[in-house]
Amino acid sequence: MNVEDQRPKTEARKQKAESGKLIGRRRFLGMCGKLALGAIAVCVMPFEIGFSKDKKTGKTRFVMKIKPFRDSDLYKKHNLAG
Amino acid sequence: MLADNERGDCRLRANFDGKLRSLTYGYPCSVHIDPVEKKPLFHFYPGKTVLSLATAGCNLHCKNCQNWQISQANPEDIPSYKLGPGEVINLAIEKNCSMLAYTYTDPFAFYEYALDSSRLARDNNLKNILVTAGYLNQEPLKKLYAVNDAANIDLKFFDDDMYKKITSATLRPVLDALVLAKQMGVWVEITHLIIPTLNDDFTLIKKMCVWIKDNLGKDVPIHFSRFYPHYLLKNLPPTPVETLKRAREIAFEVGINYVYIGNVWGQETENTYCPYDGQLLIKRVGYTVVENNIEKGNCKFCGHSIAGRWE
Numbered sequence: 001m002n003v004e005d006q007r008p009k010t011e012a013r014k015q016k017a018e019s020g021k022l023i024g025r026r027r028f029l030g031m032c033g034k035l036a037l038g039a040i041a042v043c044v045m046p047f048e049i050g051f052s053k054d055k056k057t058g059k060t061r062f063v064m065k066i067k068p069f070r071d072s073d074l075y076k077k078h079n080l081a082g
Numbered sequence: 083m084l085a086d087n088e089r090g091d092c093r094l095r096a097n098f099d100g101k102l103r104s105l106t107y108g109y110p111c112s113v114h115i116d117p118v119e120k121k122p123l124f125h126f127y128p129g130k131t132v133l134s135l136a137t138a139g140c141n142l143h144c145k146n147c148q149n150w151q152i153s154q155a156n157p158e159d160i161p162s163y164k165l166g167p168g169e170v171i172n173l174a175i176e177k178n179c180s181m182l183a184y185t186y187t188d189p190f191a192f193y194e195y196a197l198d199s200s201r202l203a204r205d206n207n208l209k210n211i212l213v214t215a216g217y218l219n220q221e222p223l224k225k226l227y228a229v230n231d232a233a234n235i236d237l238k239f240f241d242d243d244m245y246k247k248i249t250s251a252t253l254r255p256v257l258d259a260l261v262l263a264k265q266m267g268v269w270v271e272i273t274h275l276i277i278p279t280l281n282d283d284f285t286l287i288k289k290m291c292v293w294i295k296d297n298l299g300k301d302v303p304i305h306f307s308r309f310y311p312h313y314l315l316k317n318l319p320p321t322p323v324e325t326l327k328r329a330r331e332i333a334f335e336v337g338i339n340y341v342y343i344g345n346v347w348g349q350e351t352e353n354t355y356c357p358y359d360g361q362l363l364i365k366r367v368g369y370t371v372v373e374n375n376i377e378k379g380n381c382k383f384c385g386h387s388i389a390g391r392w393e
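Chains as they are written, first to last, in the numbering used here: chain A, 1 to 82; chain B, 83 to 393.
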């Protein structure tokens with residue numbers, strides 16, 4: 001732990017603002033990384049949507065897995081007959 | 083009758099609160115652009131591309147199903163796209179596909195989705211193709227045929243017991259579906275997958291060809307397709323090519339004009355020959371048309387009309 005971390009946050013921010021930096025480079029890169037990972041997860045992972053709900057219990061009875069449509073899927077080589 | 087929350091045999095129909103619902107309407111699991119030759123349709127606008135789609139589930143349970151991963155799956159178990167009929171038509175137009183095919187799993191299972199898409203496609207001057215096992219009652223069949231232009235119908239066995247044992251369907255409705263398609267002006271081609279020991283009896287193959295000639299005419303193309311071990315029939319070997327060639331000879335002997343062998347590449351048996359002068363009309367390499375000698379529906383060499391739908 002460095003000395004900077006032990007000072008009150010407002011003072012640290014004040015000093016950073018004076019030096020022209022609001023956040024450190026490492027923290028900034030970390031945030032970018034997390035954002036990128038989140039974006040990939042949204043694009044790649046199939047997410048689920050509720051399809052039908054039980055009127056009495058409110059519980060979902062049927063759930064479809066939805067995959068995002070991509071043009072490239074149309075031309076993918078496949079082994080399906082027909 | 084389905085009890086509340088119970089699924090049908092096809093897995094994609096369920097009784098929710100007293101209403102029978104098609105769970106995959108607007109949710110195709112497979113959407114591809116294929117050549118029309120892949121359906122297979124050899125006499126229907128050769129060389130054209132088709133936007134092909136399927137949803138999960140099927141009304142048949144063929145032990146040899148090549149597409150069992152989607153046909154025998156619950157719709158919620160495999161990822162699907164969200165594409166309503168309107169979006170499907172827009173996609174076909176955007177990708178320059180002049181035809182749509184309801185295929186891979188049986189369109190009679192996702193009937194409402196196929197019907198609405200077919201109607202919309204026709205309104206937009208697109209052609210519709212059914213690739214089906216032909217196992218459906220006549221009334222719903224009439225509605226679907228009325229908005230479809232072509233069908234490749236599987237005639238899986240010419241023996242009712244084997245039909246039941248291997249596919250869970252029966253023969254009679256399939257024969258009726260073939261006759262009705264012909265009567266309603268739908269262009270029909272037949273696929274008959276020959277499975278060693280199950281339907282490779284030449285006497286039965288001859289009987290089937292005679293039935294086709296007598297009830298549908300000699301111009302209905304037959305595709306004898308090679309079996310490869312799949313799903314629950316992995317214990318059987320692939321069909322010997324000689325068996326397929328003999329079946330083709332039998333069909334010609336009976337008087338069928340256009341007979342092909344499928345799932346065997348690089349053979350002259352995937353070409354179309356003129357039944358009048360024997361000239362090569364369409365040369366195919368796999369699903370690709372490399373030569374076409376049909377002009378305005380006629381043989382370029384002798385001028386005879388060739389059955390099919392041509393440009």
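All residues carry an ideal CB built from backbone N, CA and C; glycine is no exception. Since the model is a prediction, treat every value here as computed from it, not as a measurement.
Measure the Cβ-Cβ separation of Tyr342 (chain B) and Phe126 (chain B) and say whether it is below 8 Å.
-> In this structure, Phe126 (chain B) does not lie closer than 8 Å to Tyr342 (chain B) by Cβ.
Within chain A, partners of His114 (chain B) - CB distance below 8 Å = Taking the beta carbon of His114 (chain B) as reference, the chain A residues within 8 Å of it are Asp73, Leu74, Tyr75, Lys76, His78 and Leu80, listed in sequence order.
On the DSSP bridge assignment, give the partners of Asn141 (chain B) in chain order.
-> Paired residues: none, contrary to the question.
By the criterion of Cβ-Cβ separation under 9 Å, what are the contact partners of Pro311 (chain B) in chain A?
-> Those within 9 Å of Pro311 (chain B) in chain A number zero; the least Cβ separation is about 14 Å.
Residues near Ile376 (chain B) in its chain [Cβ-Cβ closer than 6 Å; skip 5 each side] | Leu363, Ile388 and Trp392
Does any CB atom of chain B fall closer than 8 Å to the CB of Ile40 (chain A)?
-> Output row for Ile40 (chain A): interface = no.
What residue from B:Thr137, B:His143 and B:Lys164 has the CA that sits closest to Pro68 (chain A)'s CA?
-> B:Lys164
Would you report the Cα separation of Ile115 (chain B) and Leu212 (chain B), rounded to the nearest angstrom?
-> 15 Å
Confirm, please, whether the CB-CB distance from Val170 (chain B) to Leu135 (chain B) is below 8 Å.
-> yes
Just grab the DSSP bridge partners of Glu373 (chain B) for me.
-> B:Lys365
Check the Cβ-Cβ distances between Phe62 (chain A) and every residue of chain B, and say whether any is below 8 Å.
-> yes
Using DSSP with H/G/I as helix, E/B as strand and the rest coil, what is Thr354 (chain B)?
-> strand
Kindly indicate which three-state DSSP category Glu271 (chain B) falls into: helix, strand or coil?
-> strand
Please list, in chain order, all residues of the same chain as Met199 (chain B) whose beta carbon is under 6 Å from its beta carbon, the five residues on each side excluded.
-> Reading off the sequence shown, one finds Ser at residue 199 (chain B), where the question assumed Met. Excluding residues within five positions, the ones whose Cβ falls inside 6 Å are Pro167 and Val170.
Cα-Cα separation between Ala251 (chain B) and Gly90 (chain B), rounded to whole angstroms = 15 Å
Same chain only: Cβ atoms within 6 Å of Arg103 (chain B), ignoring 5 sequence neighbours per side | The residues are Ala96.
Quick one: list the residues of chain A neighbouring Ser162 (chain B), beta-carbon separation under 8 Å, in chain order.
-> Met64, Lys65, Ile66 and Lys67
Would you call the CB atoms of Pro303 (chain B) and Tyr340 (chain B) closer than 8 Å?
-> Result yes, Cβ atoms of Pro303 (chain B) and Tyr340 (chain B) sit closer than 8 Å.
Proximal residues of chain A, C-beta to C-beta of Val213 (chain B) below 7 Å | Gly82
Opposing strand residues paired with Thr131 (chain B) [DSSP bridges] | B:Pro117
State the CB to CB distance for the pair Ala183 (chain B) and Val132 (chain B), rounded to an integer number of angstroms; the pair is presumed to be in contact (CB under 8 Å).
-> 5 Å
Contact set between the segment 168-197 of chain B and chain A, restricted to residues whose Cβ is under 7 Å from the partner = Lys177, Thr185 and Tyr186
Length of the line joining the Cα atoms of Cys179 (chain B) and Lys225 (chain B) | 24 Å
On the DSSP bridge assignment, give the partners of Arg95 (chain B) in chain order.
-> B:Ser104
With a cut-off of 8 Å on the beta carbons, I'd call Pro157 (chain B) and Leu94 (chain B) a contact; round off their distance for me.
-> 5 Å
Could you check which residue in B:Pro117, B:Ile332, B:Ala85 and B:Cys140 has the C-alpha nearest to that of Tyr186 (chain B)?
-> B:Cys140
Which of helix, strand or coil DSSP assigns to Ala183 (chain B) | strand
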